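Down below is the structure, laid out as structure tokens.
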Amino acid sequence: MQELIGNKLKELYPELADNLIQIQKTRAEFEGDMTLVVFPLLRITKKNPEESGAFIGEFLQKEIPMITGFNVVKGFLNLEIDSSYWMEQLNAILETKNYGLRSNSGKTYIVEYSSPNTNKPLHLGHLRNNFLGYSVAEILKANGHEVVKTQIINDRGIHICKSMVAWEIFGNGETPDSSGLKGDKLVGKYYVAFDKQYKVEIAQLLTSGKTKEEAEKLAPIFIAAQEMLLKWESNDPQTVELWKTMNSWVYEGFAITYNTMGVDFDKLYYESDTYILGKDIVEEGLEKKVLYKKEDGSVWCDLSAEKMDDKLLLRGDGTSVYMTQDVGTAVERFKDYPNTTGMIYTVGNEQDHHFKVLFVILKKLGYSFADECSHLSYGMVELPSGKMKSREGTVVDADDLMHSVMDDAKAIAEERGHLEGMNEEQKNELYKTIGLGGLKYYLLKVDPRKSMMFNPEESIDLNGNTGPFIQYTYARTQSILRKQSATGTVESQIDAEKSELDIIKHLVDLPAMIADAGKNQSPALVSNYTYELVKLYNSFYQSVSIFKEEDEKKQKLRLLLTQQVSETVEFTMRLLGIKVPEKM
RNA sequence: GGCCCCGUGGCGCAACUGAAUAGCGCAUCAGAUUUCGGCUCUGACGGUUACAGGUUUGAAUCCUGUCGGGGUCACCA
């Protein structure tokens, strides 16, 4: 319809540019269905806003039979469109399989998320990261792109050696089996133990007259960790064995956590494999004179043109830094997936600068894919009690949090739900669906860039803009459809209620919303859309009776509408990684 | 200090590329219902979009400056 109006306008004003045609949904408080903003057209119409609106309105009404009327308020031309048009739209939607899904774009995107260290368990911040990354991957798929979900596991370096050293000293051979602890929790425990011992030793050295800096370097346990890193790098069999063992514990633990979260990966990269990458690329860069070498032998990238400080890529002794690895890993990935269009890194906003630099360096090195790389940057998650600080033990553990929301969901479902006929297993599955759905929705509905407040109680509230509220509406549509359903299409000549037309109009917007969400990598757009749809449906549900309608045609419309809303909610929630229950 | 991000009713968040009277949910208050100050329903209150200029027919949105919050400026990952 927009297109049709646009074309007619261009017949009227051949010189009219596309970007001047602004057609939007008419606000609820005005009469009409679509609104043309006439302000941009004034230069061409050479009339005042009211006259222009009236003139164009008359023209459009004459030219397009579907337009049954219009009114002009200030500079806004509100067009009334016959309800048969909306019924046709609904029929088109009903007949489209997987409505909202776009056809194959031929593009492939690599989406990186999670990327944890292997020395401590996942926490609330990782949840935001994982849910965002997973959801963006789903949104890109819905836009017809191929997606490779990946992560890089930071499994080497001094921080890993710290847990290893502490385990050797304090562990007494403790394993996940012997302790009953989840593998990642066990390793995390020794990471904390290291820190504790380290502090004790520093305090001792301070009392013996050392400065703080000296003490930090001289603490025996710290030296032990450094020695272990050297041994690891020189492939000392015993060290590598311990490293492998402890990492395997962590992976077992992570696997459980990821499984609960409902996220997965297509390809894993390990830092222990990739940390050597990038050096040869730096050499090439030197030859191409994109990079330069200082007297001490260190290699740098000149970023003065970008108004940033030069970036080190190789130390004087030839060893690499984080940036070197990231350059190497990026190139490696594009080798592994040659058809890749672009790559999306889901990483916290404290690394904004790092990624800006990374993309510039890749570009300078001649990798054109750099233009298609982006940093999906997100803000911190704060708690009502303040910021999470690992040192102060105020970190919210991912497993603990997920189990706690599942418990809360249980309490709510038992009080309110329709659980009869479900066995224990099904009930537990439902609690998981509701609890995690609430948590995911809560973390995804906020603009990623912003740091956000996390209030656990609000996340599984059954009212308001929450996951469970949407799930509840879905369950209700399922209950209705179990009692009765309809097939086929609706008659176009139906005197539909306003609330029904509102739903259809909202459904019509779905493809555009999916496109926007893909372009902006924004799950928040999806959650907003879904909430709006659910609200529209609820007001419809309350104002009409679905089963007591005498008019058969109308009842069919209502059932088909219910069906389509149900399907759409299921679809958009899936883009957020959220399951919807049949009953709750 | 330089650079980046953010600042929207008491709280938490919306507003797609600038558009009509800035939305929503909590909380609050008032009514209804209630064995119940707790559950449910209805309604109301609540905002100069941090501040000051500017661009525009039109600014929460764009530009400049100020203030406030966060981040970052490593031969750490």
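Counting with our numbering, you get residues 309 to 892 for the letters of the first sequence.
Every residue gets a Cβ at the ideal spot worked out from N, C-alpha and C, and that includes glycine.
The model shown is predicted, which means the values in this text are computed figures rather than measured ones.
Residue i to residue j span [Cα, whole Å]
| i | j | result |
| --- | --- | --- |
| V842 | D544 | 60 Å |
| N836 | W540 | 49 Å |
| M335 | I401 | Looking at the sequence itself, residue 335 is Arg, so the reference to Met does not match. Each residue's Cα considered, the two are about 23 Å apart. |
| L809 | L344 | 19 Å |
| G314 | E366 | 15 Å |
| I669 | L599 | 9 Å |
| Q779 | V888 | 5 Å |
| R790 | G441 | 35 Å |
| E388 | S807 | 16 Å |
| V834 | E579 | 34 Å |
| C609 | T458 | 28 Å |
| E371 | K316 | 8 Å |
| K520 | Y499 | 21 Å |
| S606 | I584 | 16 Å |
| E680 | K449 | 17 Å |
| G674 | I329 | 40 Å |
| V629 | L622 | 6 Å |
For residue i, the residue or residues it bridges with in DSSP
| i | result |
| --- | --- |
| Q633 | DSSP, once it has assigned bridges, lists no residue as partnering Q633. |
| V508 | The partner list for V508 (beta bridge, DSSP) is empty, contrary to what the question assumes. |
| N379 | N386 |
| T483 | Answer is none; T483 lacks a bridge partner. |
| N731 | Per DSSP, none; premise fails for N731. |
| N425 | N462 |
| Y686 | G656 |
| C469 | Partner(s): none; C469 has no beta bridge. |
| T343 | Q332 and N386 |
| G650 | Y417 |
| K601 | V607 |
| Y577 | I460 |
| S392 | Bridge partners of S392: none, in fact. |
Closer than 7 Å: residue i CB and nearest the ligand HEM heavy atom
| i | result |
| --- | --- |
| K520 | The ligand HEM is not among the ligands present in this structure, which contains no ligands whatsoever. |
Residue from the options with nearest C-alpha to residue i
| i | options | result |
| --- | --- | --- |
| T582 | R641, V508, I822 and Q369 | R641 |
| T376 | I364, F363, S391 and G383 | S391 |
| L538 | G772, K470 and P764 | K470 |
| D503 | G491, P528 and L622 | P528 |
| Q829 | Y686, I720 and H814 | Y686 |
| G340 | S847, F347 and I331 | I331 |
| E765 | E311, N327 and G743 | G743 |
| E535 | I466, I510, L883 and E396 | I466 |
| A613 | K672, Q792 and N567 | K672 |
| H434 | A532, Y566, V381 and T458 | Y566 |
| E799 | Y417, E396 and E680 | E396 |
| V508 | K497, V495, E524 and G626 | E524 |
| V444 | D859, G826 and Q871 | G826 |
| D485 | M554, G452 and I477 | M554 |
| K601 | D618, A362 and Y499 | D618 |
| L844 | S787, D859, G885 and N773 | N773 |
| G496 | N451, H431, A450 and A719 | H431 |
| T797 | M309, Q505, R784 and E860 | E860 |
| Y506 | A721, M631, L526 and S516 | L526 |
| G636 | H453, I460 and V455 | I460 |
| W551 | G624, E476 and F530 | E476 |
Residue i classed as buried or exposed, judged by whether at least 16 other C-beta atoms fall within 10 angstroms
| i | result |
| --- | --- |
| A563 | exposed |
| A325 | exposed |
| S542 | exposed |
| E420 | buried |
| H726 | exposed |
| P322 | exposed |
| T771 | The amino acid occupying residue 771 in the given sequence is Asn; Thr does not appear at that position. Burial call: exposed. |
| R464 | buried |
| L666 | buried |
| A501 | buried |
| D660 | exposed |
| L883 | buried |
| L597 | Note that residue 597 is Lys in the sequence shown here, rather than Leu. Looking at its Cβ environment, which holds fewer than 16 other Cβ atoms inside 10 Å, K597 is exposed. |
| R724 | exposed |
| A638 | buried |
Would you be able to state if there are at least three C-beta pairs under 8 Å between the stretch 865-882 and the stretch 709-727? no
Do the stretch 645-657 and the stretch 417-436 meet, that is, are 3 or more Cβ pairs less than 8 Å apart? yes
With three or more C-beta pairs closer than 8 Å as the rule, is the stretch 817-826 touching the stretch 745-765? no
Any 3 or more C-beta pairs closer than 8 Å across the stretch 732-745 and the stretch 757-764: no
Closer than 8 Å is the cut-off here; do at least three beta carbon pairs connect the stretch 407-414 with the stretch 872-886? yes
Segment contact, 8 Å Cβ cut-off, at least three pairs: the stretch 555-562 with the stretch 489-499: yes
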